[in-house]
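Position 62 (the sequence shown) corresponds to 61 in numbering that gives the first Met the number 0; numbering is contiguous.
Yeah, the Cβ is synthetic: ideal placement off N, Cα and C, and Gly gets one too.
Written out below as structure tokens is the structure these notes cover.
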Amino acid sequence: MPVAARAIRRSLDALYDGAGALSALCLLAILVVITLQVLARWSGVPFPGSSEYAGYLMAAASFLAFAHTLNRAAHIRVNLLLSVLGERRFWGELWCLVIACAASTYLAWFAVRAVYWSWKLHDVSQGQDATPLWIAQAPMAVGAVILAICFLDNLVTLIATGRDNIRLDLAEQSRAE
């Protein structure tokens with residue numbers, strides 16, 4: 000593999016792993032928000048918007064984790080169907096990745112547009128927190144863009160090498176063989 004290709008591969012893997020790490024931090028932040036919410040109720044101190052913040056963090060955690068989990072074969076895939084294709088598996092993978100690229104790019108486009116319009120219109124949440132919606136929507140849009148990049152990365156890699164970047168764990172590899 001050429002030096003430039005290795006550098007790009009390392010950069011993309013670092014992007015996916017970084018998004019996965021941010022997702023984990025969002026999960027920890029959910030724990031903190033829920034714990035503070037419980038403590039606030041016990042002490043009689045109001046904590047307006049805590050449920051909304053937990054929801055924003057859950058959306059951020061989900062979308063930021065998508066690309067990381069894709070390359071670790073943690074998404075539900077059609078492996079059963081693909082393994083039945085035998086020698087034509089490449090074409091099944093290609094078809095799946097083309098559809099996934101189109102769908103994830105469509106999602107990313109509209110997620111980014113939603114953030115833009117929420118920012119431009121100064122839209123705020125309807126909860127007690129009145130958080131500007133673009134702040135709550137931005138991590139979701141970033142995760143959607145990273146997922147689209149990941150699918151495109153897998154498609155290009157499949158076309159160039161005949162194999163995508165999705166790595167099955169040892170148990171899945173033994174079942175696939």
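Spatial neighbours of residue 60 in its own chain (CB-CB distance under 6 angstroms, excluding positions within 5 residues in sequence) are listed in chain order as 22, 25, 26. Under the criterion of beta carbons closer than 8 angstroms, residue 5 and residue 71 do not qualify as touching, at roughly 20 angstroms. Rounded to whole angstroms, the Cβ separation of residue 151 and residue 100 is 5 angstroms, and the two are in contact under 8 angstroms.
Burial state of residue 74 is exposed, judged by a 10 Å Cβ sphere holding fewer than 16 other Cβ atoms. In this structure, the alpha-carbon of residue 40 lies about 11 angstroms from that of residue 47. Nearest Cα to residue 86 within the set 161, 52, 136: 161. Nearest to residue 63 by alpha-carbon distance, out of 148, 9, 142, is 142. Cβ atoms of residue 130 and residue 51 come within 8 angstroms of each other, at about 7 angstroms.
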